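Participant: At position 120 of the first sequence (counting the first as 1) the number is 100 in the numbering used here, and the numbers step up by one without a gap. Before I ask anything, let me first share the structure, which is written out below as structure tokens.
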Amino acid sequence: MTLREKITAKIKSIIPKGMDISLSVPENDTQGHYSTNIAFRIAKQKGVAPMEEAKRIATKLLESAPPKTVAKRPFWQAELFERVEAVSPGFINIWIKPKAIQGAFQDILKDEKNFGRSKIGKGKKVIIEYSQPNIAKRMHAGHIRSTIIGDALANIYEFAGYKVIRWNYIGDWGTQFGKLIAAYKLWGSKKEVEKDPIETLLHLYVRFHNEMAKNPSLEARGQEEFKKLEAGDKENRKLWKWFRDESLIEYKRIYKFLDIRFDVWTGESAYEKDLQGIVLELKTKGIAKNSEGAVIVPLDEEKLPPALIQKSDGASIYLTRDIASLRHRIRKYKPAKILYVVSNEQSLHFEQLFAVAKKLSWNNAELAHVKFGLMLGENHKKLSTRGGLVVALDELIESMVRETRKAIDDKYSKLSSKEKDLTASVIGVGALKYNDLRENRNSDIVFNWKHMLDFTGDSAPYLQYACVRLLRIVGKSRGKNQPDFSKLTADNDLALMRKALEFPHVVLTSAETLYTNNLALYLYELATTANRFYETTPILKDNNSARRAARLGLIQIVASILRNGLTLLGVKTPKKM
RNA sequence: GCCCCCGUAGCUCAAUGGAUCGAGCAGUGCUCUUCUAAGGCAUUGAUGCGGGUCCGAUUCCUGCCGGGGGCACCA
């Protein structure tokens, strides 16, 4: 039982049943180590003044004898609370006794490796779909959000005990392949594609769109080629497979560099054979109907526009493929949840998908669209593959690593060139990921080179550096520590311990809310607290040997929280920096 | 026209309906003979506008203004 859980249980024992308690950690110790607003809600229920209720609760919390309801609970100790105050207009501020903090911290040692892990997901599967690159398109800066956020959420869910299926739903089907094939047949050459596949295919695609503006008949030609592809035309199949294979080679190279992995690589094309069946099932069940030659699912009751599931030329559309994929996922994996990490451009699409799924009523899984804002260019406009210049993802990664390498060269000459390269990639890639994960995903991100390449302050290198410094001290100490945290009584010691103890709660919150920024913020604050500790508190230099051992134990734990926390965000920690 | 997201400091971002709205960058001034200065300390500076609900609103409701995205044969 964590310190937070003990406090919560204690409060619960003296308030009306069934109320959730929110325990916040005030910015400033003058408002307590923990604070709760529970009195406001109880007061409202009872119809009394909040301050009165707060006083009543505060007094009860301080009573030395355990209330009957918690008498049997072993965690009860009168010494949990140092001070409990009711503060106008009705907050209850709680200060924890050093002994309770030290004790809770000592508990970490019992299973240090698993500190922060939970079992809330035990026996449950979650499918997390992310990245979803479109074949024959270069991944650009805008594509990275899904990849990074999805990977971090997958890590967090695993840490929370879920069985996670990391799913890369490749965009490898659809009308754009008709266009691409048409473009290739018109202007392409085998040699050029082999030489630089993605670049060449991208050019063909862009050219097709440009020419389409002048010559609208091309659009029909693209659609025709896609129809042929779906009908099994041999030549088109061959071209499609070729484009797909070449693209995947490129993507896998980038994933490897980003340290991103997937369990399933099943894309849209895998469901091509199921589509007629899906359309039929929807029609048979009276969910779908013909309209203007196409097949739609009316969603008037849901106040949504009708969902198109088959085009009037009989060709399929991505919603239908998503429905088929959903059925496949539910049948094969029986997941408790399916998370779609896709930008908020597609909000309507997922509302429609979920609405159709509900009508089909084979979705006992919880479905969630984990949406995020767009990566905008410096002009605050959408980055578009068709619309000209975008920052290519590999170029972005290379630049970040190059800049990091420069910084390393300035600082350290002792490392070998190979070590420097390795460190540069760990820091550069880390910075790239952290920059995204620290922000509330709802907001659009304005891409900014200067910001990306800023390695000071709230950034991955700051966290990595804090961790590396602490571990450096630990590495310098000799022998094994048997830390006794009751030796740590200074404000700095206790403040750092209290911050470290919040880790499990923060991870849970991330899993529950599907946001990563609270975890990033927490790690940043922990690093700041640790840096302050580092600057002001002697550790190895502490003359008191018992306290020295305890402090070494403390920073060891803090360093592993930083490292584990960063790992959850997909960020590695270098050995030296 | 309808729907969704967003609007906080010069810039980029925080804030389950909570207390005096937090950071980073940029600016200013300190701080390396000391466990790594990618650090620490100090300091300047903000909730788009108008109503409403609430003990309490950046947060919820509502009307404007501004930015981004979407609205059946693209994904």
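Backbone N, C-alpha and C fix where the C-beta goes; we use that ideal spot for every residue, glycine too. Quick caveat, the model's predicted, so the values are computed rather than measured.
Less than 7 angstroms between C-beta atoms, sequence neighbours within five positions excluded: which residues of the same chain meet that for Y298?
Facilitator: Looking up residue 298 in the first sequence gives position 318. Same-chain partners within the cutoff: G154, E248.
Participant: Rounded C-beta distance between K143 and K105? I'm assuming under 8 angstroms.
Facilitator: In the first sequence, the residue the question calls residue 143 occupies position 163. In the first sequence, the residue the question calls residue 105 occupies position 125. That belief holds up - the Cβ atoms of K143 and K105 are roughly 5 angstroms apart, short of 8 angstroms.
Participant: Mind the definition here: the stretch 421 to 435 touches the stretch 510 to 517 only if three or more C-beta pairs lie below 8 angstroms; say whether that holds.
Facilitator: These segments do not touch.
Participant: Counting pairs of Cβ atoms below 8 angstroms between the stretch 472 to 483 and the stretch 69 to 83, do you hit three or more?
Facilitator: Enough Cβ pairs lie closer than 8 angstroms, so yes.
Participant: Just to check my reading of the structure: R146 and D243 have Cβ atoms closer than 8 angstroms, yes? What is that Cβ distance to the nearest angstrom?
Facilitator: As a first step, residue 146 must be located in the first sequence, where it is residue number 166. As a first step, residue 243 must be located in the first sequence, where it is residue number 263. With 8 angstroms as the limit, R146 and D243 qualify as a contact, their Cβ atoms being about 5 angstroms apart.
Participant: Excluding sequence positions up to five away, which residues of its chain have a Cβ less than 6 angstroms from the Cβ of K552?
Facilitator: The count along the first sequence starts at 1 and reaches residue 552 at position 572. Result list for K552: V406, in chain order.
Participant: Could you tell me the distance, in whole angstroms, from the CA atom of E210 to the CA atom of E383?
Facilitator: The residue you call residue 210 lines up with position 230 of the first sequence. The residue you call residue 383 lines up with position 403 of the first sequence. The alpha-carbon atoms of E210 and E383 are separated by roughly 46 angstroms.
Participant: Can you tell me whether E7 is buried or exposed? The criterion is at least 16 other CB atoms within 10 Å of its CB, across all chains shown.
Facilitator: As a working note, residue 7 is residue 27 in the first sequence. Looking at its Cβ environment, which holds fewer than 16 other Cβ atoms inside 10 Å, E7 is exposed.
Participant: Rounding to the nearest angstrom, what Cα-Cα distance links R528 and I72 in this structure?
Facilitator: Position 548 of the first sequence, counted from the start, is the residue given in the question as residue 528. Position 92 of the first sequence, counted from the start, is the residue given in the question as residue 72. About 35 angstroms.
Participant: Would you check if there are 3 or more beta carbon pairs closer than 8 angstroms linking the stretch 14 to 34 to the stretch -8 to 3?
Facilitator: Touching, yes, given that three or more Cβ pairs across the two stretches are closer than 8 angstroms.
Participant: Could you pull the start and end residues of the beta strand (DSSP E) that A595 belongs to?
Facilitator: For residue 595 there is no data in the structure shown, the boundaries of the chain being -19 and 557.
Participant: Run through DSSP, which three-state label would T496 get?
Facilitator: Within the first sequence, residue 496 is the residue found at index 516, counting from 1. Three-state result, T496: coil.
Participant: Rounding to the nearest angstrom, what Cα-Cα distance links Q326 and L450 in this structure?
Facilitator: Taking the first residue of the first sequence as position 1, residue 326 is located at position 346. Taking the first residue of the first sequence as position 1, residue 450 is located at position 470. If you take the alpha carbons of Q326 and L450, they lie about 44 angstroms apart.
Participant: Quick one: complete beta strand (DSSP E) runs, 3+ long, within the stretch 80 to 161?
Facilitator: Here the runs fully enclosed are 105 to 109, 143 to 147.
Participant: By Cβ distance below 7 angstroms, which residues in the same chain neighbour K(-8) in space, the five residues on each side in sequence not counted?
Facilitator: For the purposes of this step, residue -8 is taken as the residue at position 12 of the first sequence. Counting only Cβ-Cβ distances below 7 angstroms, and skipping sequence neighbours, we find I1.
Participant: Can you tell me which of the three DSSP states W429 falls into?
Facilitator: If you number the first sequence from 1, residue 429 lands on position 449. Helix at W429.
Participant: Could you please give me the residues that DSSP links to I1 through a beta bridge?
Facilitator: Start at 1 with the first residue of the first sequence, and residue 1 comes out as number 21. Beta-bridge pairing links I1 to no other residue.
Participant: What separation, rounded to the nearest whole angstrom, lies between the Cα atoms of I136 and T16?
Facilitator: Position 156 of the first sequence, counted from the start, is the residue given in the question as residue 136. Position 36 of the first sequence, counted from the start, is the residue given in the question as residue 16. Each residue's Cα considered, the two are about 27 angstroms apart.
Participant: Around the C-beta of H360, are 16 or more other C-beta atoms found within 10 angstroms, so that it is buried, or is it exposed?
Facilitator: Indexing the first sequence from 1 puts residue 360 at position 380. Classification for H360: exposed.
Participant: Going straight from the alpha carbon of T(-18) to that of R97, what length do you get?
Facilitator: Your numbering for residue -18 matches position 2 in the first sequence. Your numbering for residue 97 matches position 117 in the first sequence. Computed Cα separation, rounded: 12 angstroms.
Participant: Throw me the rounded Cβ distance for the R125 and F352 pair, which I believe falls under 8 angstroms.
Facilitator: Counting from 1 along the first sequence, the entry for residue 125 is found at position 145. Counting from 1 along the first sequence, the entry for residue 352 is found at position 372. Right, their Cβ atoms sit about 5 angstroms apart.
Participant: Of all the options L228, T403, G202, which has the alpha carbon lying nearest to the alpha carbon of H189?
Facilitator: Sequence index remark: in the first sequence, residue 189 carries index 209 (1-based). Of the listed residues, the one whose Cα sits closest to H189 is G202.
Participant: Identify every residue that forms a DSSP beta bridge with K362.
Facilitator: Taking the first sequence and counting its residues from 1, one reaches residue 362 at position 382. Paired residue(s): L356.
Participant: So what's F206 in DSSP terms, helix, strand or just coil?
Facilitator: Here residue 206 corresponds to residue number 226 of the first sequence, with the count starting at 1. F206: helix per DSSP, three-state reduction.
Participant: Do you know whose CA, among G158, I178, W220, Q536, lies nearest G455's CA?
Facilitator: The residue labelled residue 455 in the question sits at position 475 within the first sequence. Of the listed residues, the one whose Cα sits closest to G455 is Q536.
Participant: Classify K265 as helix, strand or coil using the three-state DSSP reduction.
Facilitator: Locating residue 265 in the first sequence gives position 285, counting from the first residue. Coil, per DSSP.
Participant: Have a look at A348, A446, K283, I453 and flag the residue whose alpha-carbon is nearest the alpha-carbon of G505.
Facilitator: On the first sequence, residue 505 is found 525 positions in, with the first residue counted as 1. This sequence places Glu at residue 505; Gly is not what is there. The option with the nearest alpha carbon to E505 is A446.
Participant: Could you give the C-beta distance for D434 and R418, rounded to a whole number, given that I count them as a contact under 8 angstroms?
Facilitator: Indexing the first sequence from 1 puts residue 434 at position 454. Indexing the first sequence from 1 puts residue 418 at position 438. Their Cβ separation, rounded to whole angstroms, is 12 angstroms, which puts D434 and R418 out of contact at 8 angstroms.
Participant: According to DSSP, what are the bridge partners of E65?
Facilitator: Looking up residue 65 in the first sequence gives position 85. Its beta-bridge partners are N73.
Participant: Any chance the stretch 259 to 270 sits against the stretch 331 to 348, with 3 or more Cβ pairs inside 8 angstroms?
Facilitator: Short answer: they touch.
Participant: Taking the alpha carbon of V259 as the reference point, which residue from D213, S379, K291 has its own alpha carbon closest?
Facilitator: For the purposes of this step, residue 259 is taken as the residue at position 279 of the first sequence. Of D213, S379, K291, the residue nearest in Cα terms is K291.
Participant: Count the other CB atoms within 10 Å of the CB of L(-14); is the residue buried (16 or more) or exposed (fewer)?
Facilitator: As a position in the first sequence, residue -14 is number 6, starting the count at 1. Inspection of the sequence shows that residue -14 is occupied by Lys rather than by Leu. So K(-14) ends up on the buried side.
Participant: Taking the runs of the beta strand (DSSP E) that are 3 residues or longer, which of them lie wholly in the stretch 185 to 245?
Facilitator: If we require 3 residues or more, the stretch 185 to 245 turns out to have no beta strand (DSSP E) run fully inside it.
Participant: Between which residues of its own chain and L542 is the CB-CB distance below 7 angstroms, once the five residues before and five after are set aside?
Facilitator: Translated into the one-based positions of the first sequence, residue 542 becomes position 562. L443, A446, C447, L503, L506, A507, listed in sequence order.
Participant: Among all the DSSP beta bridges, which residues are the ones paired with A274?
Facilitator: Within the first sequence, residue 274 is the residue found at index 294, counting from 1. DSSP output for A274 lists S271 as bridge partner(s).
Participant: Quick one: grab the DSSP three-state call for H183.
Facilitator: Position 203 of the first sequence holds residue 183. Three-state DSSP puts H183 in a helix.
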